[in-house]
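Below is one structure, written out as structure tokens, with a few remarks after it.
Chains as they are written, first to last, in the numbering used here: chain U, -12 to 148; chain D, 188 to 278.
What follows is the structure, encoded as structure tokens:
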């Protein structure tokens, strides 16, 4: 969901469905997964209704090419110059909130399928099996999308560092 | 001497940095086959650039978890409370 208002509505709809459907929850998955599956279904329905492209149709296009600029490597495929480290020193990270804000902004700028996977894996902390089930991805595709997302977020911070 | 070194390198099939950076999430998810994992770790042991890259990706993943979730906006809060009450009041 690109619009915050629409996202709020989807979340609200989801909670209403959870409240009303709790009696039908059979415990075949964890409650958390069940709630997320309602959320994902509603978000997809909403995306289709708004005539936006369905996120995962772009999967292939978002999964090709190297995640690190080839110019960073020499002819031997080793680093031409070591990559600049993100600020990991605690003293450099006095503004941890600021760092997190930049990370989240970078996540917000990702293509849909990468954003969906990194949000569920790294923000919500769901295990990979659950993310595969929710988004109907193979484990391999799920990891490709997650890695592309993390690499892009890292690059965004390297540039602003 | 040179030749034997090259032969040994080929047998061990060392990873290049360019390959390493694409395997980081598979490594962190423990999804690399044992042989690939050994090559990954052998490369890491001798390469500061790749070790740093791995740490950066680890940091990105570790900094993102949602700890302080924002509260629902007042309208959503009111709607949900109403839904909970209706559910409770159902016979």
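Even for Gly, the Cβ is constructed at its ideal location relative to N, Cα and C.
Interface flag for residue 114 (chain U) against chain D is unset, since no Cβ pair is found closer than 7 Å. Membership of residue 99 (chain U) in the alpha helix (DSSP H) is indicated by the continuous run 99 to 105. Note that the stretch 131 to 142 of chain U touches the stretch 50 to 59 of chain U; at least 3 beta-carbon pairs, one per stretch, sit closer than 8 Å.
Distance between residue 124 (chain U) and residue 72 (chain U), taken at the CA atoms: about 32 Å. In the DSSP assignment, residue 246 (chain D) falls within the unbroken alpha helix (DSSP H) covering 235 to 250.
Chain D has no Cβ within less than 7 Å of the Cβ of residue 19 (chain U).
The alpha-carbon of residue 231 (chain D) is positioned some 20 Å away from that of residue 130 (chain U). Within 8 Å of the CB of residue 205 (chain D), the CB atoms of chain U belong to 53, 55, 57, 60, 64, 65, in sequence order along the chain. Going by C-alpha positions, residue 109 (chain U) is about 6 Å away from residue 251 (chain D). With 16 or more other CB atoms across the displayed protein chains lying within 10 angstroms of its CB, residue -1 (chain U) is buried.
Neighbourhood of residue 110 (chain U) in chain D, by CB distance below 9 Å: 251, 252, 253, in chain order.
Taking 7 Å as the cut-off, the beta carbon of residue 24 (chain U) is found no closer than this to the beta carbon of residue 133 (chain U). Following the DSSP letters along the chain, one finds residue 213 (chain D) inside the alpha helix (DSSP H) bounded by residues 211 to 215. For residue 12 (chain U), the three-state secondary structure derived from DSSP is coil. Inter-segment contact for the stretch 202 to 217 of chain D and the stretch 59 to 66 of chain U is present: three or more beta-carbon pairs are separated by less than 8 Å.
Across the set U:-10, U:84, U:22, U:96, the C-alpha of U:22 shows the shortest separation from the C-alpha of residue 117 (chain U). Around the CB of residue 70 (chain U), 16 or more other CB atoms lie within 10 Å, so the residue is classed as buried. Residue burial annotation: residue 35 (chain U) is exposed, with fewer than 16 other C-beta atoms found within 10 angstroms of its C-beta. Within the model, the alpha-carbon separation for residue 216 (chain D) versus residue 245 (chain D) is close to 11 Å. Under the DSSP assignment, residue 32 (chain U) falls in the alpha helix (DSSP H) whose first and last residues are 18 to 36. Taking the Cα of residue 224 (chain D) as reference, the smallest distance to any Cα among D:235, D:234, D:211 is reached at D:211. For the pair residue 219 (chain D) and residue 9 (chain U), the Cα-to-Cα distance works out to about 39 Å. Cβ contact annotation for residue 236 (chain D) (same chain, cutoff 7 Å, sequence separation greater than five): 204, in chain order. The C-alpha of residue 31 (chain U) lies about 37 Å from the C-alpha of residue 74 (chain U). Within its own chain, the residues whose Cβ lies closer than 6 Å to the Cβ of residue 226 (chain D), once the five positions on either side in sequence are excluded, are 202, listed in chain order.
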